[in-house]
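So the structure is just underneath, and the comments pick up after that.
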Amino acid sequence: MGQNILFATLQDTPAIARALDSDLRRKILGLLEKGDMNIKQLCDALDIPQSTCTMNVQILEKASLIETRQVPAETKGSQKICSIRYEKIILPLVSKNEYEDSRAIETEMPIGLFNDYSVTAPCGLVSAAEVIGFYDSVVSFLNPARAGAELIWFSSGYLEYRFPKNFKAGAEIEAIEFSAELCSEYPGHNDEWPSDITVWINGRDLGSWTAPGDMGGRRGLLTPKWWNTNDSQSGFLKTWTVDQRGSWMDGGQLSKVTVQDLAVHSYDSIVLRIGVKEDAKNRGGINIFGSKFGNFPQDIRLTVRLG
Numbered sequence: 001m002g003q004n005i006l007f008a009t010l011q012d013t014p015a016i017a018r019a020l021d022s023d024l025r026r027k028i029l030g031l032l033e034k035g036d037m038n039i040k041q042l043c044d045a046l047d048i049p050q051s052t053c054t055m056n057v058q059i060l061e062k063a064s065l066i067e068t069r070q071v072p073a074e075t076k077g078s079q080k081i082c083s084i085r086y087e088k089i090i091l092p093l094v095s096k097n098e099y100e101d102s103r104a105i106e107t108e109m110p111i112g113l114f115n116d117y118s119v120t121a122p123c124g125l126v127s128a129a130e131v132i133g134f135y136d137s138v139v140s141f142l143n144p145a146r147a148g149a150e151l152i153w154f155s156s157g158y159l160e161y162r163f164p165k166n167f168k169a170g171a172e173i174e175a176i177e178f179s180a181e182l183c184s185e186y187p188g189h190n191d192e193w194p195s196d197i198t199v200w201i202n203g204r205d206l207g208s209w210t211a212p213g214d215m216g217g218r219r220g221l222l223t224p225k226w227w228n229t230n231d232s233q234s235g236f237l238k239t240w241t242v243d244q245r246g247s248w249m250d251g252g253q254l255s256k257v258t259v260q261d262l263a264v265h266s267y268d269s270i271v272l273r274i275g276v277k278e279d280a281k282n283r284g285g286i287n288i289f290g291s292k293f294g295n296f297p298q299d300i301r302l303t304v305r306l307g
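Below you can see the structure in the form of structure tokens.
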């Protein structure tokens, strides 16, 4: 079974540190690791008052280490069910920004505002409230309601977006970064279903990242309650960076394509394409999460760093 990993930020650290700095809260996590439990079951297992249990559950939930949901009780009323969210947490010790002295121009594009596409089924789009068009219908990608999409998936092919050039002609560009929440695509979900996801800018292949699987089974922090928990729930927030030395991800070089190779000043926009190649070694599809689905409140983000 694939691990569900929380990639925390430096800003997340205080809440996570507080949540883990307690024997009782660590015991709660240990119990939930074995399976979901309601508040009464936790109180009985730990021999603590309900008020104490509730307070500590809230601290764990605020740190995004667990999730809770209300379900009907066996007799009457409702009960709060608690579930552990992650098996591993990765915490940064420093906040390193190689381009901290540069001027950043950031544009966030809703995932449904693609201007071109070529996809294969299984595929689909949903908003925060409903399905857009029909499942596994490529024609649904023409539906005007796609502008409100918050989750898009397909088996192979691509979506293409045009970003405005919000800087002066001739400006020196140090780097361009693209980030989005992504994972593989599998009917329902499958944590161990690799997929090679590729990003192109202005027609140049920056390189591919192999998503480990289609993450489901535990509700994403932002995923609407109406969306089935057994379907795709969250992804991985990944960033492609192309600078004057090449194209990179997580400190590793993806390709030798440089920001100069993109010929940004020769185009009237920055054309971003994301997809899965037909001949990919791992053709495991793609899920693209918007700001109201998954674990990260962002859409497709393009950052241009100027000298």
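Numbering follows the UniProt record's numbering, with no gaps: position 70 of the sequence shown is 70.
C-beta atoms are modelled at their ideal positions from N, C-alpha and C, and glycine is treated no differently.
Note that the structure is a prediction, hence the values are computed from the model and not measured.
query	result
Do N38 and I81 come within 7 Å of each other at the CB atom, strictly closer than that value?	yes
According to DSSP, is P14 part of a helix, a strand, or is it coil?	helix
From which residue to which residue does the alpha helix (DSSP H) around F301 run?	Going by the sequence as given, residue 301 is Arg instead of Phe. Unbroken run through R301 is the beta strand (DSSP E), 300-306; no alpha helix (DSSP H).
Do you know how far the Cα of D191 is from the Cα of N230?	11 Å
Check whether the Cβ atoms of V259 and I173 lie closer than 7 Å to each other.	yes
Quick one: Cα of Q253 to Cα of T52, how far?	49 Å
What do you reckon, are the CB atoms on W193 and S179 nearer than 7 Å?	no
Return the bridge partner residues of T107 from the DSSP annotation.	L302
Per DSSP, which residues does I286 bridge with? Please list them.	F154
Can you tell me where the beta strand (DSSP E) holding C82 begins and where it ends?	78-84
Which residue from E130, G203, R245 puts its Cα closest to that of S255?	R245
At the 7 Å Cβ level, is A147 part of the contact set with chain C, yes or no?	This model lacks chain C altogether, as it is built from one protein chain only.
Does the distance from the C-beta atom of L113 to that of A145 stay below 7 Å?	no
What are the boundary residues of the alpha helix (DSSP H) that includes Q58?	50-62
What are the residues that DSSP puts in a beta bridge with K238?	A180
Find the nearest neighbour of T68 within the set F236, I111, T54, D136, judged by alpha-carbon distance.	T54
Once you ignore the five residues that flank V119 on each side, which residues in its own chain have a CB closer than 7 Å to its CB?	V138, F141, F154, G157
Would I84 and A19 be called neighbours here (beta carbons separated by less than 7 Å)?	no
Identify which residue in D250, G203, P187 has its Cα closest to the Cα of G210.	It is worth fixing the name first, because residue 210 is Thr in this sequence and not Gly. Nearest C-alpha to T210: D250.
To the nearest angstrom, how far is it from the Cα of L10 to the Cα of T75?	44 Å
Considering only C-alpha positions, which residue in the set P224, D44, A45, D205 is nearest to E130?	P224
Let's see if you can read the secondary structure: which residues bound the beta strand (DSSP E) around R204?	204-211
When DSSP labels each residue in this structure, what does Q260 get in the three-state scheme?	helix
What residues match up with V139 in a beta bridge as DSSP calls it?	Per DSSP, none; premise fails for V139.
Just to confirm before moving on: does the CB-CB distance between A17 and K62 stay below 7 Å?	no
Are the CB atoms of F293 and L237 nearer to each other than 7 Å?	no
Excluding five sequence neighbours on each side, which residues of the same chain lie with their C-beta closer than 6 Å to the C-beta of C43?	Q50, C53
Specify, as a first and last residue, the run of the alpha helix (DSSP H) that G30 falls within.	23-33
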